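First up is the structure itself, then whatever we jot down about it.
Number of protein chains: 2
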Amino acid sequence: MPKNTFFNLPERKKTRILNAAIDEFSKNSYEKASITRIVNTANIAKGSFYQYFENKLDLFRHIFMISADEKLKYLKPTLDKMESEDFFTTLRNLYVAGIEFVKENYKLSQIADRLIKSNNENLKNKIFGETKPKSNHFLKELLLRGIKRGEIDPSIDVELVSVMLTNLSFTITEYYLKTNEKGIVTDDYSDLMEMVEKMIYTIENGIKIKGEDNNDY
Amino acid sequence: MPKNTFFNLPERKKTRILNAAIDEFSKNSYEKASITRIVNTANIAKGSFYQYFENKLDLFRHIFMISADEKLKYLKPTLDKMESEDFFTTLRNLYVAGIEFVKENYKLSQIADRLIKSNNENLKNKIFGETKPKSNHFLKELLLRGIKRGEIDPSIDVELVSVMLTNLSFTITEYYLKTNEKGIVTDDYSDLMEMVEKMIYTIENGIKIKGEDNNDY
DNA sequence: AAGTCATGTGACTAAAAAGTCATATTTTTT
DNA sequence: AAAAAATATGACTTTTTAGTCACATGACTT
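Residue numbers (my numbering), protein chains in the order written: chain Y, 132 to 348; chain W, 132 to 348.
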């Protein structure tokens with residue numbers, strides 16, 4: 132947690148520092164990100180930085196929390212009306228909300244994306260603590276509910292499918308980040324929406340040809 | 132490319148150096164990997180290293196090539212009998228061969244995995260050159276053939292599905308690397324084989340309940 | 001006005017990195 | 001055996017990093 136001196140700072144100065152840090156961490160991995168560059172960009176002294184934050188990790192963790200909180204805001208509406216909607220509608224809405232978060236919070240997404248893909252297990256443990264990022268635990272619950280309701284094939288392996296679905300959500304995010312490299316923001320939702328639709332369709336129905344008898348034996 | 136002085140080295144010395152390097156790059160990202168540590172482990176002088184390799188990148192590229200060549204050896208049998216087998220058999224065999232490569236080349240897999248997940252686009256370009264890692268280009272061809280043969284639903288988006296399938300193969304590798312953290316090698320194939328089977332089944336059939344009429348309208 | 005406490009500062013330290021180079025040793029050629 | 005070419009060496013340079021610390025400045029209290 133940042134020190135009180137940081138929270139007591141005038142709003143403008145706080146955001147100046149955070150923006151400089153978000154910029155640096157979105158361009159560089161945790162290891163390569165430089166405190167020196169951040170303080171230069173934010174126009175504060177190196178010593179001041181250490182009045183505000185314990186160390187580099189303290190700053191990074193704080194920024195990651197901002198990103199997580201922000202993303203939750205996007206997912207909240209879907210989570211709230213989950214009860215009254217079927218599995219595939221909820222899944223579709225989650226994917227779409229995820230895309231919207233990335234669109235409107237490009238740098239924060241990059242930071243989170245980097246951390247998740249990072250092989251620095253030590254760092255990940257320090258950030259996630261013991262509460263591992265079980266977004267797929269949530270998907271598991273969703274799948275189980277879908278099975279109960281008769282929407283989902285009960286013979287699936289819930290654990291495996293939840294991992295697959297989590298991974299596919301990263302696929303979408305990555306796809307978006309790659310096409311919009313360097314922050315070129317197009318307002319062309321249609322491409323991504325089509326992508327989500329096709330992806331959901333594939334998850335629903337599979338890719339094997341139907342109707343005919345493909346005898347497996 | 133390493134210099135001739137490297138290739139002229141006695142076999143034992145060469146492997147000593149390569150093993151030290153593979154070890155270092157499997158434990159650290161390209162940026163964090165240290166030439167100093169490699170030369171210490173390999174018991175050669177810093178100056179000697181630069182007689183063998185142009186620089187750090189030269190060494191890393193060489194090791195990545197070793198990994199790619201090695202993996203191809205595992206995939207080759209499947210690719211050779213591709214013509215005579217149906218889509219899902221080929222896909223299954225590719226996934227299984229991928230797992231076997233990871234099992235038997237733990238460190239090399241980690242290095243390749245790290246590079247693919249890396250956000251250092253500059254590095255990736257230098258390694259992959261213009262020939263981007265189009266393992267999914269190959270999957271596209273495979274899918275198109277499957278459609279022609281009447282095995283695959285022709286209404287799918289070939290491009291998207293190939294990305295999904297490529298991603299799922301990473302999911303498997305990651306899953307294996309995570310469960311076998313720190314190189315603990317179990318001979319328990321069954322878990323992974325079951326995982327591949329279930330994954331293929333899901334890709335084939337989707338997860339929506341079949342038989343009933345879920346009217347979408 | 002004096003004193004106290006919070007905040008601001010940038011030169012500095014220590015550690016680590018990639019890469020260099022003058023010199024020494026070994027191997028090959030004549 | 002002598003000369004030449006190839007290879008080996010590790011101290012050194014330069015750069016960059018996170019973090020520290022003695023001191024300066026500002027604000028609030030008595």
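Glycine included, each C-beta is placed from N, C-alpha and C at the ideal position. Note that the structure is predicted; figures quoted are calculated from it, not measured.
Let me check understanding here. Comparing Cα to Cα, which of the options lies closest to residue i?
{"i": "W/K158", "options": "Y/Y183, Y/N250 and Y/L274", "result": "Y/N250"}
{"i": "W/S179", "options": "W/K144, W/M196 and W/K163", "result": "W/K144"}
{"i": "W/I258", "options": "W/T304, W/F301, W/K212 and W/A199", "result": "W/A199"}
{"i": "Y/M213", "options": "Y/M326, Y/G277, Y/Q241 and Y/Y307", "result": "Y/G277"}
{"i": "W/I287", "options": "Y/A228, Y/M326 and Y/D244", "result": "Y/M326"}
{"i": "Y/M132", "options": "Y/I197, Y/A151 and Y/N171", "result": "Y/I197"}
{"i": "W/L291", "options": "W/L274, W/Y237 and W/D217", "result": "W/L274"}
{"i": "W/S300", "options": "W/V289, W/E272, W/I331 and W/D284", "result": "W/I331"}
{"i": "Y/I242", "options": "Y/P141, Y/V227, Y/F218 and Y/T304", "result": "Y/T304"}
{"i": "Y/N253", "options": "Y/L188, Y/F137, Y/S165 and Y/I166", "result": "Y/L188"}
{"i": "W/D284", "options": "W/K255, W/G260 and W/F219", "result": "W/F219"}
{"i": "W/D244", "options": "W/V170, W/T302 and W/A152", "result": "W/T302"}
{"i": "Y/Y226", "options": "Y/K202, Y/V170 and Y/L239", "result": "Y/K202"}
{"i": "W/A152", "options": "W/E142, W/S165 and W/K255", "result": "W/S165"}
{"i": "W/P208", "options": "W/E231, W/M295 and W/K238", "result": "W/E231"}
Out of curiosity, what's the CA-to-CA distance linking residue i and residue j?
{"i": "Y/N139", "j": "Y/I175", "result": "15 Å"}
{"i": "Y/Y320", "j": "Y/E328", "result": "12 Å"}
{"i": "Y/F156", "j": "W/S215", "result": "50 Å"}
{"i": "Y/D154", "j": "Y/R168", "result": "10 Å"}
{"i": "W/K134", "j": "W/H193", "result": "11 Å"}
{"i": "Y/I340", "j": "Y/I334", "result": "14 Å"}
{"i": "Y/Q182", "j": "W/A173", "result": "43 Å"}
{"i": "Y/F191", "j": "Y/Y161", "result": "8 Å"}
{"i": "W/T297", "j": "Y/K177", "result": "45 Å"}
{"i": "W/D211", "j": "W/G281", "result": "21 Å"}
{"i": "Y/K313", "j": "Y/Y307", "result": "Below a pLDDT of 50, predicted positions are generally treated as unreliable, and Y/K313, at 48, falls in that range; the measurement from the model is reported next regardless. Between Y/K313 and Y/Y307, the C-alpha separation is close to 12 Å."}
{"i": "W/I323", "j": "Y/T146", "result": "It should be noted that the sequence gives Leu, not Ile, for residue 323 of chain W. Cα to Cα, W/L323 sits roughly 48 Å from Y/T146."}
{"i": "W/G337", "j": "Y/F184", "result": "49 Å"}
{"i": "W/L270", "j": "W/I247", "result": "17 Å"}
{"i": "Y/K163", "j": "Y/S293", "result": "33 Å"}
{"i": "W/E272", "j": "W/I148", "result": "39 Å"}
{"i": "Y/V233", "j": "W/N150", "result": "41 Å"}
{"i": "Y/N267", "j": "Y/G229", "result": "14 Å"}
List, in order along the chain, the chain W residues whose C-beta lies closer than 8 Å to that of residue i?
{"i": "Y/L323", "result": "Residues of chain W passing the Cβ test: none, with the nearest at roughly 11 Å."}
{"i": "Y/T221", "result": "Ordered by position in chain W, no residue passes the 8 Å Cβ test against Y/T221, which lies about 14 Å from the chain."}
{"i": "Y/E349", "result": "Any answer about residue 349 of chain Y is impossible in this case: the structure gives chain Y only from 132 up to 348."}
Residue i touches chain Y at which residues, Cβ-Cβ below 7 Å?
{"i": "W/F340", "result": "Sequence check: residue 340 of chain W is Ile here, not Phe. The contacting residues are G281, E282, I283 and D284."}
{"i": "W/M326", "result": "L291"}
Please report the residue range of the alpha helix (DSSP H) in which residue i lies.
{"i": "Y/N150", "result": "E142 to K158"}
{"i": "W/I340", "result": "Counting along the chain, W/I340 falls outside any alpha helix (DSSP H), and DSSP gives it neither H nor E."}
{"i": "Y/N139", "result": "Counting along the chain, Y/N139 falls outside any alpha helix (DSSP H), and DSSP gives it neither H nor E."}
{"i": "W/I166", "result": "I166 to A173"}
Can you pull the chain Y neighbours of residue i, defined as C-beta to C-beta under 9 Å?
{"i": "W/E201", "result": "Per Cβ cutoff of 9 Å: no residues; W/E201 is ~20 Å from chain Y at best."}
Who are the neighbours of residue i on chain Y, taking C-beta pairs under 8 Å?
{"i": "W/M295", "result": "L299, T302, M330 and T333"}
What residues of chain W sit near residue i, judged by a beta carbon separation below 9 Å?
{"i": "Y/R245", "result": "N250"}
{"i": "Y/G260", "result": "Correct list: empty, because the minimum Cβ distance to chain W is about 18 Å."}
{"i": "Y/G337", "result": "D284, Y332, T333, I334, E335, N336, G337, I338 and K339"}
Would you mind telling me which residues of chain W sit closer than 7 Å to residue i, beta carbon to beta carbon, in chain order?
{"i": "Y/D288", "result": "K329"}
| task | May I have a chain-ordered list of the alpha helix (DSSP H) segments no shorter than 4 residues that lie completely inside the stretch 236-311 of chain W? | result | Complete alpha helix (DSSP H) runs here, min 4: 237-248, 252-259, 266-279 and 289-310.
| message | Ignoring anything shorter than 4 residues, give me the alpha helix (DSSP H) runs that lie fully in the stretch 178-239 of chain Y, in order along the chain. | response | 187-211 and 218-235
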